[in-house]
Each structure stands twice: as C-alpha cells, then as structure tokens.
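Participant: Got a structure here, written out as structure tokens. Questions coming.
Protein chains in written order, with the numbering used here: chain A, 647 to 1073; chain B, 647 to 1073.
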C-alpha cells in the first residue's frame, strides 16, 4: 500500500482557517439560542449542505445531490473503472445539539478533498464525500435515513413516519427536496454497494474514553450491536420478613443482586481478555402491587442490555448470563424468566482498514487507541451492506447531543490528515 | 428451683378432650365462612372471652374483667405477698384468620391452671391468666392495645383511632365493654409491672422454622426489634450505555447490587456466629422518570430493614451497613443517602426464664430449639415494662393470619405441660 508519502505533512494545517470558518458558518446558520438545531430534511440541514457544497465548488470540486437528497462531492481518481472510496457523515443534529456530531466528519472529508485538490494530487481511486441526511432518530424516530435510502432500505412505513415537530411524513420531506420518492418507496438501491471500495467515516467520540485516556484519536473496532431483554423476571417467594429465616427464604431481590454482580465480574474479566462489550441493567424494580419494606420480595424485574462489537461476543455473553441465571435458580430456589431477546446486529469494522488507519497514525506519530463505538452510525449501514468500512473517532470532552460538545481543532486536523492519507491507499 | 416434680406427668394429657372442645367452640363461635374472625373489642372477641371464662369458672377458677376489659383468670398461690406469675395471650384474630394465633396461648394457660386446680396443687405464686384484647393491628392500625392499656401506654390519639370496618373510635369500644376509659385516657397504670414476677406467653410460631426443623417447641430468645430505612438512595451518574465504558461508569444499580450482596454475606456470617437477625430489602427500584434500558442508571433506591432480637445486634449491623456503603462509595464513585432510621426496640426474653424453659423441656425429653420471634407479641410490651418475660412457640405448618394455620394437639399439650411446670418454679 501507499501511505501517501508523496504529500507534504501536515498538509491540512494550511486549511485550519477554512475549517474554523466552516464550523463557524455551520453554527451561525443553525444556532437556536442554546445549541445548534439542524433539522433532518428541513431547512437547517439543507442550509448546511449548501454551505459545504459552496466551499467544495469554490475549491473546484464537483457537487451534486443524489436521488435521496444527500449531498455528494467528488474528486475523480486515476482509475475510474475501480470502485470509489466513500467518506462522509451527516449534517443534521438533534434539537439543541452540538456543532460537531456529524458535521465534523463531513468537514473533515471536504478538507481532505480540498487539500488533495489544492496540491494537484489525483488519487488512485475516485473519492466521494457524502453529506448524508436524516441520521438522528430524534426527528422521525428512525436513525440513518439517508444511508438507508441509498441502499434501498426504507419501507413505505418509514416514508409514512412523521417528524415529531411538524407531524408531516418523511415522504413529504423527500418530495420537498426533489428526491426520487418512487425509487425510494420501492426499495431501489440508489447506490450499488459493490461500487464502493470503502467507507471511511470520521466522527467525534460520543463518550468520554479518549478524553479520559488523553488520546486525540480512536480507531473504531466495531459499532456495537446489542442484545436486549426488556424484562428479566426473577420470581422468588413472598414471605414475612420477621418470621422467615434466611435458610427458608427465596428472596427475589437478593437473587437479582447476585445475578447483577456475577455478570459484572464476568464483564470485567472479558474486558481484561480484550473483548469489547458493555453490560447494563438500566431498569430494576420490585412489584409495587405487593412489595413492602417488611416483606421478603417475591418478585423483581430488571432489564438486561449487552452491547458488543461482534456477534460472537454478544451471543457468548448472553449464553453466560443464562447459565448464571440457572446456577442462581439452583442455589436460591428462585426462577428467572427472560422475555424475548431483541437483537441489533453489531457492525464490525473492516480489519484491514483498522490496520491501515493504525499504521497511518503510527507513521506520523499520532497516539490513538482502538475502541468500540457504543452509539450507532451511518457507517454501520454501509458495513451491513457489505462495504469495507472504518471509522476514526475524535476526542470530545462533553458527550454528544448537547451544546457542550467540545472538539479541539488540533485533534480535528489530525483526523483530517489521517483520513486524507487513507484515501490515497491503493490496493 | 423446683421443677414441679410433685405433679404427675404428662398431667395435661387428661385435658386433651377439653382442649379440643374449647378450640372447637372458639372456631364455631367465630367462623366466617372462610376462616375465623374475632374482631378486636367486638362481639366475637367478647364471645371468646366468655367461652374461656365459662370453662374457668366450671373448673372453680376465679374470673374477672380488668379495667381495660381484658379477661383475668386467677389461681391463688401460697404466697400472696409475692409478685404473681402472669401468663396469657390474646383472643382476637385478623379478619379471616386462623383459630390458634393468640387463642392457643390463652387456652394453654387455662388448661395449665385447670390441671393444677384439679390436682389440688397450690402453686408457690399466685397465677393470673390474661386474655388480652386488641392484639391484632388489623382492626385499629395499632398492635397490642390490651397490654398497652394495662401499662398506661395508650394516648388520646390511640383512643381516637377508628376501627377499619365500623369507623367507630376505640374509645367507644372501650365504653361498650364498661372499661375505665378515663383511667386509660390519662395513661394510668392499671397494673403495676412490679406486681408481676414473670410473664410467660405461649404462641404458635408464625413462621416455618420449627416445622422445617421437625421440632414441636421453640424457646424464644427475643422478639425482634427492627431498624428500618424506608429509602436508601444510591446516586451514581446517568450515562449512555453504549458510549460509556466500564471504567468511567458510576452505575447506581451495580453499586446497589454490590451493597445488597455484601450485607447478604455478612448476614450469613453473623448467623454462623449465633446472632439472631434478618436483613431484607423489600423494595428496590430505579427512577421511572429517567431510567431506560440503554442508559447507565444514575439512581436506584432500596429499603433496608434489619431485625434482631437485641439492640446491640441491631446497631452493630446498622453500623456495618453504613461502613459498606462508604466502602462502595469510595470504590464505585457513587453516593449513598440513608433516610432517617425508624427504630422499634427489640424485646430480649429473660435469660433466666429461657434457661428454665430449656431445662424443663430437657427434663421431660421435649426437643426444642432457641429461636427469635420475627413478629411482635404482647410479651414485648410486658418485657419493655420491665417484667421478666419468656415465650414458648408451638410448631405451625402454614404461617399465621390465614385459615390454614395448623397446630398439632400433641405439640399444644407439650407446650401446656411445660407452661404448667414453669408456673410452679419458685425463686
């Protein structure tokens, strides 16, 4: 592979003023008095696309809207018969959100293209930047609408979804922006995944890991899938707390606590062995119809969510949880009843691309770490469509989906540099 | 001490037909179609008193109602200048309750007196049997009204309490039965505790311990007091379950489970060391206003009830619980907030009387075990008034406060024998 050694480094530093200007313009165009609000498929999202398109055309890049209204910026490569390299992210935000969740990846892609263009570099593959629409589920109750549309994955029911604020259906919004609603409605693939050699998405980390570790960048191992039980019921035997001694109790709360602690210990051990997963009991409770302070609880419920960056981890840990429930059943004379598991498949990132990104960082001395993405991204849709996909996370100190998101321009430019070099990789 | 070796054994066996007849009459007089209902201070409780009084007078014993309407049956002793020995229990039941909870202790006392009387034995001390009124909190929302009245412990507010079914105040019920309401209202001691050399109460066990151990009798170590926190709040930090890795979590549910399991292990260890206590978290829950399956829980609450047969155990375990909460606070970065502890003092049984009862059982080959009473009893009121108090439990296979209560006549007669012999103890 080529590591892009024919370009000057750090090439993107020259574009820092443009980066700052673009983020300022994006913020200005969508400031709502508290944070930024770029409504999916609405005027603020379109205005953000226009800003990006204008900057692209100013740099001599070709821009267009695809049939689903996503903005596409193209830098032609030397080998037009090869699949192209895709990059990008989304421009919409949650209401009163931050300026970087989504936009950072679009601006990084644009700057990388501009940087190459300015230097007169013709990349081996054509590069297409996607500014995808409707990534945030806050608006239509569905995530990643833009990438779903690209791969023919929206249903009639999806098009009938209404936006929470206007109560207008997605179909109307698609018509507003001149999309090919008929093709979207019949599930036509607007883009053949086989045409895409890779999808590389830059995004701010939505959690605190990189900040806590003092690292500017993270290389995503996979986008967490999850396996959820809305309710695991632990059934014991209600009894008088005074008259029922320990050896005759079947205490549902203690059994549940035992279960939670066993999974907690396993989780730590699995992390120690290098697995990427997260285990959460977000909801627990006794039965308000019968519980009392002085009653041995006969019933307790908890939710169970397992997240992992690959299916094997998800399924193995799920099996372990059930085995522990059986062990506790035998030891404590209780019963565990798991409701039906709801599974969202993980999207492992492409191993070759992970290695490449790691090597590119090492090559220029950028400290990074591998980490899983707990939140979902358009990249998962590309990965599930069969596109070799990778993600680069930028350190962010205040979480996402709030006005306090914070990304250092320094970190952003490092990510842009790595992305640009990755685009020149040719295999 | 005298162990009553001057009486024939098993003297009470001759009274088996009378015992069966009395229990049958009591049941018949208060059968409600499902169980027995002997309403506190109402006609069914009075009818039960009348049945007992009639049987007592038939046997030549003196009967009277004290100034609080409790039935008192007296067998004069040889030493009228000494304090008397008291025995007894209550005759009321919960609605749709069983025939033995309370009544067993009154019938046992009566049979013991009749047995002595028939044999012409004049006990060293005068013996008084109390059939106490209003023990069950089901009726007026207050327990042990009869014994409270005896020791001047009822307040004006108590007299204003209304019975759940009639909504008439306790004061009216006291007037109905011709009690000295004025004396009760001003908190006069109707009975000087110093006059009572001992209070010995026979009662069915309300839990399953003796049945599980295959033992007919239990000698009560103490009546559990309790220390309750209605709410222990565990405050962590809410976070996105996908984006927040383990090492950055402050998970309130896991911290709560950790706390519950630590106390559970300590409880077992304390039992192994011979302590009598019970630990219960009857209510647990996350905050429904903010919890979600995919959210690291930022808040969890639990109740904490510690029961023990003496104050030291109660306070020491409470201290241990707080120390564990502090340890978890340090380890997990959460905070525990305990609401105000509500304490009901335990009533330890008199050590000398416990030893005597144990020796009396051994002397006639009755298998027994020491056990704490989880439920409260009139005996606790006597003990708190400073009367040396002891209790004897009779095996019962189906719990109390339900029609399925079950006591074997064989076990009952053993208890009656032991009680009778205990009454002859002279020190």
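Where a beta carbon is used, it is the ideal one built from N, C-alpha and C, also for glycine.
#1: Could you please give me the residues that DSSP links to residue 926/A through a beta bridge?
#2: Give the list of continuous beta strand (DSSP E) stretches no shorter than 3 residues that lie fully inside the stretch 722 to 801 of chain A.
#3: Could you tell me whether the stretch 744 to 755 of chain B touches the stretch 853 to 873 of chain B, using the rule of 3 or more Cβ pairs below 8 Å?
#4: In whole angstroms, give me the CA-to-CA distance for residue 660/B and residue 972/A.
#5: Any C-beta of chain B sitting closer than 8 Å to the C-beta of residue 887/A?
#6: Opposite residue 845/B in the DSSP bridges: which residues?
#7: Pick out whichever of 805/B, 813/B, 811/B, 840/B has its Cα sitting closest to the Cα of residue 826/B.
#8: Only counting the same chain, and skipping five residues up and downstream in sequence, which positions put a Cβ closer than 6 Å to that of residue 693/A?
#9: Should residue 651/A go down as buried or exposed, given a rule of 16 or more other Cβ atoms within 10 Å for buried?
#10: For residue 793/B, which residues in the same chain have their Cβ closer than 7 Å to its Cβ, ignoring the five residues on either side in sequence?
#11: Rounded to whole angstroms, how far is the Cβ of residue 662/B from the Cβ of residue 1055/B, which I believe are closer than 8 Å?
#12: Tell me, which residues are paired with residue 614/B by DSSP?
#13: Spell out whether any CB of chain A is found under 8 Å from the CB atom of residue 629/B.
#14: Check whether the Cβ of residue 928/B lies closer than 8 Å to any Cβ atom in chain A.
#15: Report the rounded CA-to-CA distance for residue 669/B versus residue 689/B, giving the unit in angstroms.
#16: With a threshold of 8 Å between beta-carbons, can residue 932/B be considered close to chain A, or not?
#17: Along the beta strand (DSSP E) that carries residue 693/B, what are the first and last residues, could you check?
#18: With a CB to CB cut of under 6 Å and the five nearest residues on each side skipped, what residues in its chain are close to residue 890/B?
#19: Beta-carbon within less than 7 Å of residue 956/B's beta-carbon, same chain only, minus the 5 sequence neighbours each way: which residues are those?
#20: Measuring straight from C-alpha to C-alpha, what distance separates residue 903/A and residue 959/A?
#21: Heavy atom of the ligand GDP less than 7 Å from the Cβ of residue 791/B, yes or no?
#22: Do residue 939/A and residue 970/B have their beta-carbon atoms positioned less than 8 Å apart in this structure?
#23: Quickly, what does DSSP pair residue 1014/A with across the bridge? List them, please.
#24: If you measure from the beta carbon of residue 726/A to each beta carbon in chain B, is any gap under 8 Å?
#25: Taking only beta carbons into account, state which residues of the stretch 855 to 878 of chain A come closer than 8 Å to chain B, listed in chain order.
#26: By the three-class DSSP mapping on this structure, what secondary structure does residue 648/B have?
#27: So which residues on chain A does residue 881/B lean against when the C-beta distance must stay under 9 Å?
#28: Give me the residue from 912/B, 813/B, 987/B with the minimum Cα distance to residue 873/B.
#29: Is it the case that the stretch 907 to 916 of chain B contacts the stretch 913 to 923 of chain A, given that we only count it when at least three CB pairs across the two stretches are under 8 Å?
#30: 8 Å is my cut-off, CB to CB: does residue 738/B come that close to chain A?
#31: Leaving out five residues before and five after residue 876/B in sequence, what residues of the same chain have Cβ atoms less than 7 Å from its Cβ?
#32: According to DSSP, is residue 680/A part of a helix, a strand, or is it coil?
#33: Can you name the residues of chain B whose CB is closer than 7 Å to the CB of residue 1038/A?
#34: For a contact defined as C-beta to C-beta under 9 Å, what are the partners of residue 852/B on chain A?
#35: Decide if residue 654/A is buried, meaning its Cβ has at least 16 other Cβ atoms within 10 Å, or exposed.
#36: Please name the residue, chosen from 967/A, 863/A, 766/A, 871/A, that lies closest to residue 909/A on a Cα-to-Cα basis.
Facilitator: Let me lay it out:
#1: 951/A
#2: 730 to 736, 773 to 778
#3: Per the Cβ contact rule, the stretch 744 to 755 of chain B is not in contact with the stretch 853 to 873 of chain B (fewer than 3 Cβ pairs under 8 Å).
#4: 54 Å
#5: yes
#6: 732/B, 1035/B
#7: Residue 826/B has its Cα closest to that of 805/B, out of 805/B, 813/B, 811/B, 840/B.
#8: 675
#9: Any reading at residue 651/A needs caution, since the residue's pLDDT is 41, under 50, leaving its predicted position unreliable; the model's value is listed next. Of the residues assessed, residue 651/A falls on the exposed side of the cut-off, its CB having fewer than 16 other CB atoms within 10 angstroms.
#10: 778, 1024, 1027, 1028
#11: 6 Å
#12: Since the first residue shown for chain B is 647 and the last is 1073, residue 614/B is missing from the structure and cannot be characterised.
#13: Given that chain B is displayed from residue 647 to residue 1073, the structure contains no residue 629/B and the question cannot be resolved.
#14: yes
#15: A straight-line Cα-Cα distance of about 17 Å links residue 669/B and residue 689/B.
#16: yes
#17: Under the DSSP assignment, residue 693/B falls outside any beta strand (DSSP E), being part of the alpha helix (DSSP H) whose first and last residues are 689 to 704.
#18: 942
#19: 868, 992, 994
#20: 23 Å
#21: In the structure on display, the ligand GDP does not appear, and there are no ligands present to speak of.
#22: At a Cβ-Cβ threshold of 8 Å, residue 970/B and residue 939/A do not count as neighbours.
#23: 863/A
#24: For residue 726/A, the nearest beta carbon of chain B is not closer than 8 Å to its own beta carbon.
#25: 855, 858, 870, 872, 874, 876
#26: Reliability of the predicted coordinates at residue 648/B is poor, the pLDDT of 39 falling under 50, and the value obtained from them is presented with this limitation in mind. Note: residue 648/B maps to coil in three-state DSSP.
#27: Neighbours of residue 881/B on chain A: none; closest Cβ ~15 Å, over 9 Å.
#28: If we check each option's Cα against that of residue 873/B, 987/B comes out closest.
#29: no
#30: Interface residue (Cβ-Cβ distance to chain A less than 8 Å): residue 738/B is not classified as such.
#31: 949, 985
#32: coil
#33: Near residue 1038/A there are no residues of chain B at all, since even the closest Cβ is about 16 Å away, more than 7 Å.
#34: 886, 888, 889
#35: Note that residue 654/A has pLDDT 39, beneath the 50 cutoff, so the model's placement of it is unreliable and the number below is only indicative. Result: exposed.
#36: 967/A
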